[in-house]
Structure formats: structure tokens, C-alpha cells
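Chemist: This is the structure I have questions about; it appears just below.
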Amino acid sequence: AQSVTQLGSHVSVSEGALVLLRCNYSSSVPPYLFWYVQYPNQGLQLLLKYTTGATLVKGINGFEAEFKKSETSFHLTKPSAHMSDAAEYFCAVSEGGSYIPTFGRGTSLIVHP
Amino acid sequence: DAGVIQSPRHEVTEMGQEVTLRCKPISGHDYLFWYRQTMMRGLELLIYFNNNVPIDDSGMPEDRFSAKMPNASFSTLKIQPSEPRDSAVYFCASSPPRMGFSTDTQYFGPGTRLTVL
């Protein structure tokens, strides 16, 4: 069975500071891993994804995530936060072949001026 | 492409009334998902279809909920009778056909915010 744990329901950073959102997963087979972003009153949209190959994945808006198999982690980072990054971020895992992702509970990113 | 379309965007109804939520997936996508999002429970998968056929409805909370997909471009989620605890945001999402190294990406609609008084 697959599962996702996002550490911290809220993360608060200052504008310009490093953003780090944590995600750990559990999967019995090689996973596909995703980060989605949800802006207020909108649906989720894909930020980035890992399937195979390079473990450092770059996404939209300057975000990137690194797949670390030994740590079963897929943390999301951005070097410098912008006010526009304030949103809810969801990590998801899909066992290759299942096609059905399991979503974490989400982390709300708050960016202070 | 217009993306996944959901209607209505907001629905306010009284307990006991029937509620129908609608979804038009992205053309060419053959997977369709219905989710419910609440503060308490997060994002829950209710049911998903493949080629208009329901594959897994184990997430449907109870018999008051039903979903149909009569054709590739339309799906409905019905709640009858509705209860205040059904208040949530309901999302529809679709995914393209699996081929080769399909990456299981889901494309979400804007959601329907349901309030049951």
C-alpha cells in the first residue's frame, strides 16, 4: 500500500527566504511522486513530478524536489520565496502501475513580507 | 483546451434536498476522478472511472452518494438526500490514457463548493 506524510500543516517563511516543504512516502514498488499546488478557490495543479531517471526534478515557478530512495523522501524546495507562492501544497505518490495517486494532507505555505 | 469544467462553482442547499454536481473532463482523457476536500479529512478520492466505467467506488461515503459517466465528456456526482456534513469542496479530475511511461498526472477542475444548511 502507498501512503504519504507531509510534515507540518503550516510553514511560514519570509519573502526571499528558502522554502522547504517535507514529504515522506511509503510504497511497495518504485513510486511515481508528485507535488501539486492549490491556490485559493482553485483546483490543484501539477508543480512537478518524478517517475524515473534524474532524481532532482525541476518544476514550474522555480520549485524543485529531490527523490531520495534511502530516505523515502521527496522534499520540495525553492531558494527564494515570493509572496505569490502562498498556497497549499500537496505531495502525492503513485505506485507504478496503480495509476491512482495517494495525496498527503497538504502544507499551507505562508509568506511574510 | 478549456481544462476540466465543473458546474456549478457554488451550491447552497437545504438538508434533504438532492444535489447534482457536473463535470466535463479534458477531451481525450479516459480517466475521471471525483474528490472531496474538507478541513477535517483533507482530499479524499470518492470514485474513479476508466472509459466511462466505474472502477473503484470504495471511497463513496454512503448510499446517498452516486456517480455516473454516461459518455466520455460528462460525469455527475449526486447526493440524495443531502446532509450538512456533506458540505465540502468537490473536485473532478481527469487523466490522459496510459501509454508507454504514463506519468499518472491528474488535471483538476476548479471545484464545486457545496454548502448544505
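Same order as they appear, the protein sequences are chains A and B.
If you use the numbering used here, the first sequence corresponds to residues 1 to 113, in order.
If you use the numbering used here, the second sequence corresponds to residues 1 to 117, in order.
Note that beta-carbon positions come from the ideal geometry of N, C-alpha and C, so glycine has one too.
My assumption, with CB atoms under 8 Å, is that A/Phe103 sits in contact with A/Phe90. Please give the rounded CB distance.
Modeler: 5 Å
Chemist: Between which two residues does the beta strand (DSSP E) holding B/Arg113 run?
Modeler: Thr112 to Val116
Chemist: Hey, quick one: how far does the beta strand (DSSP E) through A/Ser26 stretch, first residue to last?
Modeler: Val19 to Ser26
Chemist: Is the Cβ of A/Ile110 closer than 9 Å to any Cβ of chain B?
Modeler: No, because no Cβ of chain B sits closer than 9 Å to the Cβ of A/Ile110.
Chemist: Quick one: give me the first and last residue of the beta strand (DSSP E) that B/Arg36 is part of.
Modeler: Tyr31 to Thr38
Chemist: Cα-Cα, which of A/His112, A/Asn61 and A/Ser80 is closest to A/Ala17?
Modeler: A/Ser80
Chemist: Taking CB distances under 9 Å as the criterion, tell me whether B/Leu46 reaches chain A.
Modeler: no
Chemist: Report the three-state DSSP secondary structure of A/Asn61 (helix, strand or coil).
Modeler: helix
Chemist: Are B/Asp86 and A/Ile100 touching if we call contact CB-CB under 9 Å?
Modeler: no
Chemist: Is there at least one Cβ from chain A nearer than 9 Å to B/Phe65's Cβ?
Modeler: no
Chemist: Whole angstroms are fine: how far does the CA of B/Thr76 sit from the CA of B/Leu114?
Modeler: Per the coordinates, the alpha-carbon of B/Leu114 lies some 14 Å from the alpha-carbon of B/Thr76.
Chemist: Tell me which residue opens and which closes the beta strand (DSSP E) that A/Tyr39 is part of.
Modeler: Careful: A/Tyr39 lies outside any beta strand (DSSP E) and carries neither H nor E.
Chemist: Applying the 10 Å Cβ sphere with the 16-neighbour rule, what's the burial state of B/Arg41?
Modeler: exposed
Chemist: Using DSSP's beta-bridge definition, name the partner residues of A/Arg105.
Modeler: According to DSSP, A/Arg105 bridges with nothing at all.
Chemist: DSSP on A/Ser73, reduced to helix/strand/coil?
Modeler: strand
Chemist: Can you tell me whether A/Lys49 is buried or exposed? The criterion is at least 16 other CB atoms within 10 Å of its CB, across all chains shown.
Modeler: buried
Chemist: Listing by chain order, which chain B residues have their CB less than 8 Å from the CB of A/Lys42?
Modeler: It should be noted that the sequence gives Gln, not Lys, for residue 42 of chain A. Result: Pro110 and Gly111.
Chemist: Give me the Cβ distance between A/Ser26 and A/Ser9, rounded to the nearest whole Å; I'm assuming they're in contact under 8 Å.
Modeler: At roughly 19 Å, the Cβ-Cβ gap does not stay under 8 Å, so A/Ser26 and A/Ser9 are not in contact.
Chemist: Report yes or no: is there a C-beta of chain C within less than 9 Å of the C-beta of A/Leu56?
Modeler: Looking for chain C here will not work: the only protein chains present are A and B.
Chemist: With DSSP as the reference, please indicate the residues paired to B/Thr20 in a beta bridge.
Modeler: B/Lys78
Chemist: Does the stretch 20 to 37 of chain A come close enough to the stretch 2 to 16 of chain B to have 3 or more Cβ pairs within less than 8 Å?
Modeler: no
Chemist: How big is the Cα-Cα spacing for B/Val53 and A/Ser84?
Modeler: 39 Å
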